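This report refers to the structure that appears directly beneath it.
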Amino acid sequence: MIPSVLPTYARAPLTFVKGEGSWLMDADNRRYLDMGGGIAVNVLGHAHPELVSVLQHQATQLWHTSNLYNIPNQQALADRLVEHTFADTVFVTNSGTESMECCVKMARKYHYENGNPERTNIIAFEGSFHGRSLGMISAAGAEKLTKGFGPLLPGFTHLKLGDLADVEAAIDGTTAAIMVEPVQGEGGIIPLPDDYMQGLRKLCDDNGILLILDEIQCGMGRTGKLFALEWSGITPDIMGIAKGIGGGFPLGACLATEKAASGMIAGTHGSTYGGNPLACAVGSKVMDIVATPEFLGEVSVKAGHLRQRLEGLVASHPDVFISMRGSGLMIGVECKAPNIDVVKAGYDAEVLTVPGGANVIRLLPPLTISTQEIDEAVARLDKAATAIEASL
């Protein structure tokens, strides 16, 4: 008999009842060090007092009115995002998938309104992940996402990462945009080189097409900058964000320049829940905390400490680990043992990680994690690796 919750997840045999900072507790009060952060969502950890306070206050005032009316909290969040990014305008969503759908619609509408309705094709990349809607699995193209869900939506070309000449050759009169993650997350924590990102920007400029960035996983301070694009010194035309912006509350956004968004007039896009007072109150508070030089500087210091400790861990367990890579507190440890075995051994050691592509475990801890907690996390991963070695 099918369970009441549709069985689309291979869930771990864990149930948590409380969270505090970098820790999750089960009903037996076992404490797990959360190095997954809800898959890069809980940037301020669990039950952050300032987020709890703003949510409780807003809950006593107003939850939802719909976008038929002005929403001051939505305006405040949009103003903060415009202040701290390349963007001139923001559409607020509930999720990353919705943000990326808005990005694609906006790019195609831009070309339509500028007399090039044939420019509808989006160049995307193998190993990418942009969400689970039919449109976004079509954008990613991977069989593990698309098998059984055909026919897929047309309008996407999939290329291997790394060769700008391949991208240039794929651009033609039907190309609307290039869409890319500055750091591939689901694909195995693959940071794209600065010169590659700069080359994509130049190809867009030279060919009159738009650059769409997906910073759903790598944004909101995750790499030590507010957004990963800052490392390469480029700006996109359109960008999708989510995950960390809500600190655990469902929230996302599509950010754009005035030029790219020029075709998105009243009636071209919408959302019932998107940008409601509750979500935007939380998002604004997350921005207040994360978008400061002091906070981002601490992320970089912690990232350096984590990388140093992980290098020692990898070297100590050559039968379990191969290497590590990443940016900021977005780290992938490539495994020699099956990555899911490492994740499961972590459960016994009371440390939580996230599996990813290329046989990687992802470390995406709260950005508020302390250096002492980093040391404890690595010690627990060492215990997990030792247990795997004993079973070989």
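The opening position of the sequence shown corresponds to residue 687 in my numbering, with each subsequent residue numbered one higher. Note that beta-carbon positions come from the ideal geometry of N, C-alpha and C, so glycine has one too. Since we're looking at a predicted model, the values are computed, not measured.
8 Å Cβ shell around residue i - same chain, five flanking residues per side excluded
i: G1042; result: G871, E872, G873, G874, I875, G1018, N1025, R1048
i: I931; result: G905, M906, L937, G938, A939, G969, V972, M973
i: R1066; result: L719, G1032, A1035, E1036, V1037
i: V1046; result: G874, I875, G1018, V1019, E1020, C1021, N1025
Residue nearest to residue i in terms of C-alpha spacing, selected from the options
i: A952; options: K795, N759, E1036; result: K795
i: L730; options: Q994, F981, E829, V1029; result: F981
i: V987; options: S1013, K971, S1009; result: S1013
i: N715; options: P803, M906, R818, F702; result: F702
i: F1007; options: M1016, A1044, G930; result: A1044
i: M883; options: W749, W917, G910; result: W917
i: S1009; options: E1020, G848, L847; result: E1020
i: I725; options: E1036, L850, G782, L1067; result: G782
i: G949; options: P803, L767, L700; result: P803
i: W749; options: A1071, L1050, L878, T958; result: T958
i: H797; options: A863, A713, P693, F815; result: A863
i: H770; options: T978, T694, F835; result: T978
i: A851; options: R818, P837, D880, L889; result: L889
i: R818; options: F811, E812, G827; result: G827
i: G813; options: A762, L878, N780, R993; result: L878
i: T908; options: L710, L996, T1054; result: A small fix is needed here, since residue 908 is Arg in this sequence, not Thr. Of L710, L996, T1054, the residue nearest in Cα terms is T1054.
i: I975; options: V1029, R766, D712, D849; result: R766
i: F772; options: A1070, A1071, G919, A1073; result: G919
i: H734; options: R717, Y755, L710; result: L710
i: T1011; options: D1027, A713, Q994, V768; result: For the sequence presented, residue 1011 should be read as Arg rather than Thr. Per the Cα distances, Q994.
i: G910; options: L992, E706, I1074; result: L992
i: D849; options: F835, T861, A825, D881; result: D881
i: D1027; options: E736, S1056, A1073; result: A1073
i: K704; options: E944, H732, L741, S785; result: H732
i: L700; options: T694, F835, D712; result: D712
i: A1079; options: D1005, M1016, A855; result: Since the displayed the chain opens at 687 and closes at 1078, residue 1079 lies outside it and no answer follows.
Cβ distance (whole Å) where residue i is taken to contact residue j below 8 Å
i: L999; j: V1064; result: 6 Å
i: T843; j: I809; result: 5 Å
i: A928; j: I902; result: 5 Å
i: F777; j: H955; result: 6 Å
i: I857; j: N893; result: 5 Å
i: S708; j: E984; result: Not really, about 14 Å apart at Cβ, beyond 8 Å.
i: L811; j: L847; result: For the sequence presented, residue 811 should be read as Phe rather than Leu. Confirmed, about 5 Å.
i: L897; j: L886; result: 6 Å
i: M721; j: A947; result: Not a contact, Cβ separation roughly 37 Å.
i: E944; j: D774; result: 4 Å
Per-residue DSSP class, three states only, for residue i
i: L737; result: helix
i: E1075; result: helix
i: R718; result: Before going further, note that residue 718 is Tyr rather than Arg in the sequence given. Strand, per DSSP.
i: N1025; result: helix
i: N759; result: helix
i: G930; result: helix
i: M687; result: coil
i: G707; result: strand
i: G938; result: strand
i: L1038; result: strand
i: A698; result: coil
i: E854; result: helix
i: A713; result: coil
i: A726; result: helix
i: A946; result: coil
Sequence-distant residues of the same chain with beta carbon closer than 7 Å to residue i, five excluded per side
i: G821; result: E787, V790, L839
i: L899; result: V866, P868, L915, P922, M925
i: G841; result: T806, N807, I808
i: E1062; result: L719
i: Q744; result: P963, L964, A967
i: G961; result: N753, I757, Q760, V778
i: V1029; result: T1039, P1041, I1047
i: A698; result: Y1033
i: V740; result: A967, V968, K971
Neighbourhood of residue i by C-beta, 6 Å cutoff - its chain only, sequence neighbours within 5 removed
i: N728; result: G934, P1052
i: A764; result: V776
i: I823; result: L831, T832
i: G723; result: L1050, P1051, P1052
i: A1070; result: A1031, G1032, A1035
Min CB distance residue i to chain C below 8 Å
i: P868; result: Looking for chain C here will not work: only one protein chain is present.
Near the ligand ZN: residue i beta-carbon under 7 Å from a heavy atom
i: A939; result: For the ligand ZN, the structure offers nothing, since it holds no ligand at all.
Can you give, in chain order, each stretch of the beta strand (DSSP E) that sits fully within the region 820–844 and has at least 3 residues? none
Which parts of the region 887–925 are runs of the beta strand (DSSP E), unbroken and 3 residues or longer, counting only runs that do not cross its ends? 896–900
Note down, one range per segment and in chain order, each alpha helix (DSSP H) of at least 4 residues found wholly within the region 948–1018. 963–976, 979–1002
Can you give, in chain order, each stretch of the beta strand (DSSP E) that sits fully within the region 744–818 and has at least 3 residues? 775–779, 807–811
What ranges does the beta strand (DSSP E) occupy inside the region 1041–1065, keeping only unbroken runs of at least 3 residues that lie completely in it? 1046–1049
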